[in-house]
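Residue numbers (the numbering used here): 4 to 330. Please read the structure below before turning to the comments.
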Ligand SMILES: *Cc1c(COP(=O)(O)O)cnc(C)c1O
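Structure, rendered in structure tokens:
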């Protein structure tokens, strides 16, 4: 069965969102002799500090006049909400953003500054989802899903097209994996160009819902744990419609990284490249640095998916205080 997102949809998304998103830079990393070349795709420098604006703009732009007039709602661990709030403000729509109590304070503040209505709902991400669905019904808002929506997936896929233009020789791509919108979109884009390009999905040891679901063969629910990779927390939905199946077919390999490895990757990015990466954005780099994926490829690209991290958290990661730190 074909997916509900084609490579054409990704090209269409690219055209729609072009005025509003940046083409982020690629830099070379590990410039020592590792027998392979490694590159970082710096989506931490994207507008709002993560790739999520790609999907958010593509989805919002697809809404009809009536839906736009009523406004949109999103549930978020931070970055999706910030992206939706930003895109809504730019396009002149009302946005309601539902957050769980665990959401990182600096991310809540950024969303508030964008003028969105914030609803703090639920102890966990999954609880916030329920509150949001209820609000949507009552207020007739359009739900902007963080990953399980063809327009959102196509938007995230534009990152894959860019990557191919910037590093046409790439033969393996490491992507952070949570709900799977990023992996699915990038997968569609790159596999259509060359099915031999390996797509490696990386999650944290603390709550890798998609990876466990892929192993089980169906969507699972896991308890949410505290992790430096707060952007990767949350379920994939038991009624997952798109990303589970797409990741099942498009992701070649999965890797898990520990909190120490994530902290080391954040520190490395800052020290070596003066690049600020949040925990969720650093898991691909953590997988590479830890040597957990075989370096059998010649050109590896790592998607550095976001940079929204509190200074204090980054400092603790830098100082190696991770073991004692309250995340
Ligand atoms: C949302 C997010 C991810 C994961 O994307 P999915 O589409 O949910 O897999 C990775 N990194 C950052 C920084 C994010 O905000």
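No residue lacks a Cβ here, since even glycine has one placed at the ideal position from N, Cα and C.
Put simply, of 285, 163, 96, 248 the residue whose alpha carbon is nearest the alpha carbon of residue 232 is 285.
Between residue 214 and residue 246, the C-beta gap is not smaller than 7 Å, which leaves the two residues out of contact. Annotated as proximal: residue 13 and residue 160, with beta-carbon spacing under 7 Å.
With a minimum length of 3 residues, the unbroken runs of beta strand (DSSP E) contained wholly in the stretch 190 to 277 fall at 201 to 207, 256 to 260. Using a Cβ-Cβ distance cut-off of 8 Å, the stretch 221 to 236 and the stretch 68 to 85 are in contact, since at least three pairs of beta carbons, one from each stretch, lie closer than that value. DSSP assignment within the stretch 29 to 106 yields the following whole beta strand (DSSP E) runs of 3 residues or more, N-terminal first: 29 to 32, 40 to 45, 75 to 79, 98 to 102. Relative to ligand 1, the beta carbon of residue 82 is positioned inside 6 Å of a heavy atom. Within the DSSP bridge table, the entry for residue 309 names 53 as partners. Taking the Cβ of residue 185 as the reference point, at least one heavy atom of ligand 1 falls within a distance shorter than 6 Å. Taken atom to atom, the span from the alpha-carbon of residue 43 to that of residue 197 is near 20 Å. DSSP, reduced to helix, strand and coil, places residue 153 within a helical segment of the structure shown.
According to DSSP, residue 146 shares a beta bridge with 76. Residues of the same chain with a CB within less than 7 Å of the CB of residue 92, apart from the 5 flanking positions on each side, are 117, 118 in chain order. Here residue 170 carries a coil assignment [DSSP, helix/strand/coil]. With contacts defined by Cβ atoms closer than 7 Å, residue 32 and residue 41 form a contacting pair.
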